[in-house]
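Visitor:
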Amino acid sequence: MEYLVPQQKHTQLLRILTTPRWYLAISKLQKTKRPPLINQLKINYDASFVSNDTYAGIGLILRDGTGSCKGVRAERCNTLSPEEAEGCAVLAAFKWAQELSLINCCIEDDSKSISDYLLRKRTNLSWRTVSILNEAMMIKDTTNLNFSTSFVFRSANSVADLLAKEARYFHSDQTWLDNYPTILCPLLSADTNSDPSIFV
Numbered sequence: 177m178e179y180l181v182p183q184q185k186h187t188q189l190l191r192i193l194t195t196p197r198w199y200l201a202i203s204k205l206q207k208t209k210r211p212p213l214i215n216q217l218k219i220n221y222d223a224s225f226v227s228n229d230t231y232a233g234i235g236l237i238l239r240d241g242t243g244s245c246k247g248v249r250a251e252r253c254n255t256l257s258p259e260e261a262e263g264c265a266v267l268a269a270f271k272w273a274q275e276l277s278l279i280n281c282c283i284e285d286d287s288k289s290i291s292d293y294l295l296r297k298r299t300n301l302s303w304r305t306v307s308i309l310n311e312a313m314m315i316k317d318t319t320n321l322n323f324s325t326s327f328v329f330r331s332a333n334s335v336a337d338l339l340a341k342e343a344r345y346f347h348s349d350q351t352w353l354d355n356y357p358t359i360l361c362p363l364l365s366a367d368t369n370s371d372p373s374i375f376v
């Protein structure tokens, strides 16, 4: 436990009191979510894995430049590890973007190692995951669509995470372009209204 002398306590309190509230809000927001650029669409994805005896779930969320949800997709897949499930989620995101003919799209997730591999950085991913990611990258490299990838903190991926957990129990892949699942509505609403508190 760290103990502060009176002068340190005073300095720390003064810093908190004099820091503008808008700066604190922005700092918090940067760790929670990042809306797409103007004229860009973004797909957040996540996977939920329990064991290789059950289906893994995949959640995909499509947003526009204002952060508004434009589509939701849930899938299931058979995998042997959480890492492999994340790889399947990447592939599902690229396939969905291709299916929707998204010309300018950012694919965003909360797995640093997956993001690094997509950016062609060195990683320690398994050969099974690498094989899946290579299929996703082939879609990126052989189409006229402008795909980019980025990493986001896990707290910013709450909607995709929740959908992935629910997807494990679905009987088939499902897509919603409106009338989204009720369980997602509070998070989607908070996301659109730029309320970061619900993601922390």
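Using my numbering, you'd call the opening residue of the sequence shown number 177 and step up by one each time. Even glycine gets a Cβ: it sits at the ideal position worked out from N, Cα and C.
By DSSP, does Tyr293 sit in helix, in strand, or in coil?
Guide: helix
Visitor: In chain order, what residues of the same chain have a beta carbon less than 6 Å from the beta carbon of Lys340, not counting five sequence neighbours either side?
Guide: Strictly speaking, residue 340 in this sequence is Ala, with Lys absent from that position. Closer than 6 Å at the Cβ level, and outside the excluded window around Ala340, lie Asp222, Ala223, Ser224, Gly233, Ile234 and Gly235.
Visitor: Tell me where the alpha helix (DSSP H) around Gly263 begins and ends.
Guide: Pro258 to Glu275
Visitor: The alpha helix (DSSP H) that contains Ser334, what's its start and end?
Guide: Per DSSP, Ser334 belongs to the alpha helix (DSSP H) from Ser334 to Ala343.
Visitor: Would you call the region 304–311 in contact with the region 255–268, where contact means no fewer than 3 C-beta pairs closer than 8 Å?
Guide: yes
Visitor: Per DSSP, which one or two residues make a beta bridge with Tyr221?
Guide: Leu236
Visitor: Check the C-beta distance from Thr299 over to Ser289 and give it rounded, since I have them as a contact under 8 Å.
Guide: 5 Å
Visitor: By the three-class DSSP mapping on this structure, what secondary structure does Asp317 have?
Guide: helix
Visitor: Is Thr194 buried or exposed, if buried means 16 or more other CB atoms sit within 10 Å of its CB?
Guide: With a pLDDT of only 43 at Thr194, under the threshold of 50, the placement of this residue in the model should not be trusted, and no figure is reported.
Visitor: Quick one: residues in its chain with C-beta nearer than 6 Å to the C-beta of Thr351, no 5 flanking neighbours on either side, listed in chain order?
Guide: Arg249
Visitor: Can you tell me the Cα-Cα spacing of Asn322 and Gly241, whole angstroms?
Guide: So the alpha carbons of these two residues sit roughly 15 Å apart.
Visitor: Alpha carbon to alpha carbon, what distance is there between Leu238 and Val335?
Guide: 11 Å
Visitor: Could you tell me which of Thr358, Ala343 and Thr319 sits nearest to Cys253, measuring between CA atoms?
Guide: Ala343
Visitor: Would you identify the three-state DSSP class for Val248, choosing helix, strand or coil?
Guide: strand
Visitor: Could you compute how far the alpha carbon of Asp337 sits from the alpha carbon of Thr318?
Guide: 29 Å
Visitor: So for Ile308, helix, strand or coil by DSSP?
Guide: helix
Visitor: Would Leu353 pass as a contact of Cys281 if the rule is Cβ separation under 7 Å?
Guide: no
Visitor: If we count the other Cβ atoms within 10 Å of its Cβ and call it buried at 16 or more, is Tyr293 buried or exposed?
Guide: buried
Visitor: Within this structure, are the beta carbons of Glu311 and Leu256 separated by less than 7 Å?
Guide: Cβ distance not < 7 Å, so Glu311 and Leu256 don't count as in contact.
Visitor: For Thr230, which three-state DSSP category applies?
Guide: coil
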